[in-house]
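Below you'll find the structure, written out as structure tokens, and then a few comments.
Number of protein chains: 2
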Amino acid sequence: MPHSPPARAPQAGHDHQDCVRAALQAAERRCAQSGARLTLVRKRVLELVWDSHAPVGAYALLDALKAEGQNAAPPTVYRALDFLLEQGLVHRLERLNAYVGCPHPMGPHSAQFLICQTCGQVQELEDPAIGAAIRAGAERLGFLATRQTIEVEGLCQACRTA
Amino acid sequence: MPHSPPARAPQAGHDHQDCVRAALQAAERRCAQSGARLTLVRKRVLELVWDSHAPVGAYALLDALKAEGQNAAPPTVYRALDFLLEQGLVHRLERLNAYVGCPHPMGPHSAQFLICQTCGQVQELEDPAIGAAIRAGAERLGFLATRQTIEVEGLCQACRTA
DNA sequence: TCCAGACTGTCATACTATAACAGTCCGTTC
DNA sequence: GAACGGACTGTTATAGTATGACAGTCTGGA
């Protein structure tokens, strides 16, 4: 592996090109391993999602593709996103109807998302204690939890100190 | 208070009319206390939301209103829902773009939702340990959590045993 | 080379939500 | 009781998000 995965808490000054490169390389590995085909459209959509640490809407991706002269319609984008979601390469933020890149696509996945109200950036948190607390709470009501959506709004460190 | 709030884990055989009555009475109290006006439209929408413990979409509510002969358009429903959300009388489920009644509108609100994949019913869970775990996990990244969306899919007790 | 399956292009449409403006109701003030 | 102001509702139009369906193309394997 050329270098460690991108920081979980991206700083304003970080070299975002590193994030993008790392994400694309991880995606290549992930797909090679699973036998999935990371085609041009899919790869381009993944790059566009990674253009920032902020979530992007499907129609913003569509506009970006069109601006590059690609023949693109809503299904183009949604199919690519479906593929990327299946492969664990991006996540969907339900509150925002938007998508972010996953910084550690090879790992386990019951992630939590921290959405900054000020700068709009999203950090992914992977805290086993949270998942465990939820499973335990659910189990007390006899409920068997299989999938969790956890999205937290608030202020990121950079915006708090600023 | 005429009787205790509806059970958090509604059973197939429970008398749902009790739930509805209790919810409407709690809503009246809540609004009387806050000075908000629970008008006819708002009350009717709240009743329709409470028709079951399963989440209802805005356009299903709209159809129901129209079927009753009311003049109704999307804003009619969305305004009523906005009001009910503000008053804490209903919750929105982001994963489903749908709404459920809140069984304890007078209490504090950082609730978690358990959505059964089989029967579609939703239970509200209010476990302080979950909120605390999330705030703690976020704080370790320097993130100040102000609002949480927690939606858990799985199997409810009734569907597990069935 | 042919075939089957996966992928993409394209058109149409469904579903979810809000903007904007006019009209109505209701309590308050004078 | 009349005028006023604010909250609420009706109505039309439109924005934003997502999917169905079908035809054409590409790719790898028999």
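From first to last, the protein sequence lines stand for chains A and B.
In terms of numbering that gives the first Met the number 0, the numbers along the first sequence are unbroken and rise by one, the last being 161.
In terms of numbering that gives the first Met the number 0, the numbers along the second sequence are unbroken and rise by one, the last being 161.
Note that CB positions come from ideal geometry on N, CA and C, so glycine has one too.
Quantities reported herein were computed from a predicted structural model and do not represent experimental measurements.
Check: What are the boundary residues of the alpha helix (DSSP H) that includes A:Gly136?
Finding: Along the first sequence, read from residue 1 onward, the residue named residue 136 of chain A stands at position 137. Residues 127–139.
| message | Counting only Cβ pairs nearer than 9 Å, list the residues of chain A close to B:Phe142. | response | Locating residue 142 of chain B in the second sequence gives position 143, counting from the first residue. Here the neighbours are Ala8, Leu113, Cys115, Gln122, Leu124, Val151, Gly153, Leu154, Cys155, Gln156, Arg159.
Let me check one thing: in DSSP terms, what residues is A:Ala144 bridge-paired to? Numbered from 1 along the first sequence, position 145 holds the residue referred to as residue 144 of chain A. Answer is B:Gly153.
- Please check if any C-beta of chain B sits within less than 8 Å of the C-beta of A:Gly136. The count along the first sequence starts at 1 and reaches residue 136 of chain A at position 137. Cβ-Cβ to chain B under 8 Å: yes for A:Gly136.
Exercise. Identify which residue in B:Ala144, B:Ile114, B:Ile149, B:Arg139 has its Cα closest to the Cα of B:His52.
Key: Locating residue 52 of chain B in the second sequence gives position 53, where the first residue counts as 1. Considering only alpha carbons, the answer is B:Ile114.
Problem set entry | Nearest-angstrom Cβ-Cβ length linking A:Cys101 and A:Gly87, presumed shorter than 8 Å | The residue labelled residue 101 of chain A in the question sits at position 102 within the first sequence. The residue labelled residue 87 of chain A in the question sits at position 88 within the first sequence. Right, their Cβ atoms sit about 6 Å apart.
message: Pull the bridge partners of A:Leu164 from the DSSP assignment, please.
response: One cannot answer for residue 164 of chain A here, as it falls past the ends of chain A, which runs 0 to 161.
Check your understanding: Once you ignore the five residues that flank A:Arg91 on each side, which residues in its own chain have a CB closer than 7 Å to its CB?
Key -> Position 92 of the first sequence, counted from the first residue, corresponds to residue 91 of chain A. Cβ neighbours of A:Arg91 beyond the five flanking positions: Leu84, Tyr98.
- Got a sec? Which residues, its chain only, sit under 8 Å from A:Ile129 by beta carbon, not counting five neighbours each side? By 1-based counting over the first sequence, the position of residue 129 of chain A is 130. Excluding residues within five positions, the ones whose Cβ falls inside 8 Å are Gln111, Ile149.
Checklist entry - Going by other Cβ atoms of all chains shown within 10 Å of its Cβ, with 16 needed for buried, is A:Gln24 buried or exposed? => result Locating residue 24 of chain A in the first sequence gives position 25, where the first residue counts as 1. Looking at its Cβ environment, which holds fewer than 16 other Cβ atoms inside 10 Å, A:Gln24 is exposed.
Distance between A:Gly106 and A:Thr38 (C-alpha atoms, nearest Å)
On the first sequence, residue 38 of chain A is found 39 positions in, with the first residue counted as 1. On the first sequence, residue 106 of chain A is found 107 positions in, with the first residue counted as 1. The alpha-carbon atoms of A:Thr38 and A:Gly106 are separated by roughly 22 Å.
Please check if any C-beta of chain A sits within less than 8 Å of the C-beta of B:Glu93. Indexing the second sequence from 1 puts residue 93 of chain B at position 94. Yes, contact with chain A.
_Minimum Cβ-Cβ distance from B:Ala110 to chain A less than 8 Å_ = One-based indexing of the second sequence puts residue 110 of chain B at position 111. By this cut-off, B:Ala110 is not an interface position.
- Message: Pull the bridge partners of A:Phe112 from the DSSP assignment, please.
- Response: The residue given as residue 112 of chain A occupies position 113 in the first sequence. Note: A:Phe112 sits in a beta bridge opposite A:Glu123, A:Glu150.
Open item on the list: If the criterion is Cβ atoms closer than 8 Å, does the pair B:Phe162 and A:Gly153 meet it?
Closed with: Because chain B in this structure spans residues 0 to 161, residue 162 of chain B falls outside the shown range and cannot be described.
Near A:Leu95, what residues of its chain come up, given a Cβ to Cβ distance below 6 Å and the 5 sequence neighbours on each side ignored?
Walking along the first sequence from the start, residue 95 of chain A turns up at place 96. Excluding residues within five positions, the ones whose Cβ falls inside 6 Å are Pro54.
### Task
Whole angstroms is fine: what's the gap from B:Arg146's alpha carbon to A:Phe82's?
Stepping through the second sequence from its first residue, residue 146 of chain B is reached at position 147. Stepping through the first sequence from its first residue, residue 82 of chain A is reached at position 83. Straight-line Cα distance between these residues: approximately 30 Å.
Less than 8 Å between CB atoms is the rule here; does B:Thr148 satisfy it with respect to chain A?
The residue given as residue 148 of chain B occupies position 149 in the second sequence. Closer than 8 Å: yes.
So which residues on chain A does B:Ala128 lean against when the C-beta distance must stay under 8 Å?
Translated into the one-based positions of the second sequence, residue 128 of chain B becomes position 129. Ala132, Ala135, Gly136, listed in chain order.
Looking at chain B, which residues of the segment 29–56 of chain A have a Cβ within less than 7 Å of any of its Cβ atoms? none
**Asked** Taking buried to mean at least 16 other C-beta atoms within 10 Å of its own C-beta, is B:Gly166 buried or exposed?
**Response** There is no way to answer for residue 166 of chain B, as the model of chain B reaches only from 0 to 161.
Provide the residue span of the alpha helix (DSSP H) that contains A:Asp50, from first to last.
Mapped onto the first sequence, residue 50 of chain A falls at position 51. No alpha helix (DSSP H) contains A:Asp50, which DSSP labels as neither H nor E.
| request: Starting from the Cα of A:Pro104, find the closest Cα among A:Cys18, A:His13, A:Val19, A:Arg29 and give me that residue. | output: If you number the first sequence from 1, residue 104 of chain A lands on position 105. The option with the nearest alpha carbon to A:Pro104 is A:Arg29.
- prompt: So which of B:Ile133, B:Leu60, B:Ala22 has the shortest CA-CA distance to A:Pro127?
  reply: Within the first sequence, numbered from 1, the residue matching residue 127 of chain A stands at position 128. The residue with the shortest Cα to Cα distance from A:Pro127 is B:Ile133.
- Query: Using a Cβ-Cβ cut-off of 6 Å (strictly less than) and excluding sequence neighbours within five positions of A:Leu61, which residues of its own chain qualify?
  - Reply: For the purposes of this step, residue 61 of chain A is taken as the residue at position 62 of the first sequence. Ala71, Val76.
Item to complete: Would you kindly check if the distance between the Cβ of B:Glu46 and the Cβ of B:Val19 is under 8 Å?
Response: As a position in the second sequence, residue 19 of chain B is number 20, starting the count at 1. As a position in the second sequence, residue 46 of chain B is number 47, starting the count at 1. Contact flag set, yes.
message: Counting only Cβ pairs nearer than 9 Å, list the residues of chain B close to A:Thr145.
response: Walking along the first sequence from the start, residue 145 of chain A turns up at place 146. Simply Gln116, Val151, Glu152, Gly153, Leu154.
| message | Do A:Val151 and B:Ala144 have their beta-carbon atoms positioned less than 8 Å apart in this structure? | response | Mapped onto the second sequence, residue 144 of chain B falls at position 145. Mapped onto the first sequence, residue 151 of chain A falls at position 152. Their beta carbons are under 8 Å apart, which means B:Ala144 touches A:Val151 by this criterion.
**Prompt:** With DSSP run on the structure shown, which of helix, strand or coil describes B:Thr160?
**Reply:** Here residue 160 of chain B refers to the residue found at position 161 of the second sequence. Reduced to three states, the DSSP call for B:Thr160 is helix.
Extent of the continuous alpha helix (DSSP H) to which B:Ala26 belongs
Taking the second sequence and counting its residues from 1, one reaches residue 26 of chain B at position 27. Element bounds for B:Ala26: 15–33.
- prompt: Of the choices A:Thr117, A:Gln32, A:Gly136, whose alpha-carbon is the least far from that of A:Thr160?
  reply: As a working mapping, residue 160 of chain A is identified with position 161 in the first sequence. Checked all of A:Thr117, A:Gln32, A:Gly136; the closest Cα to A:Thr160 is A:Thr117.
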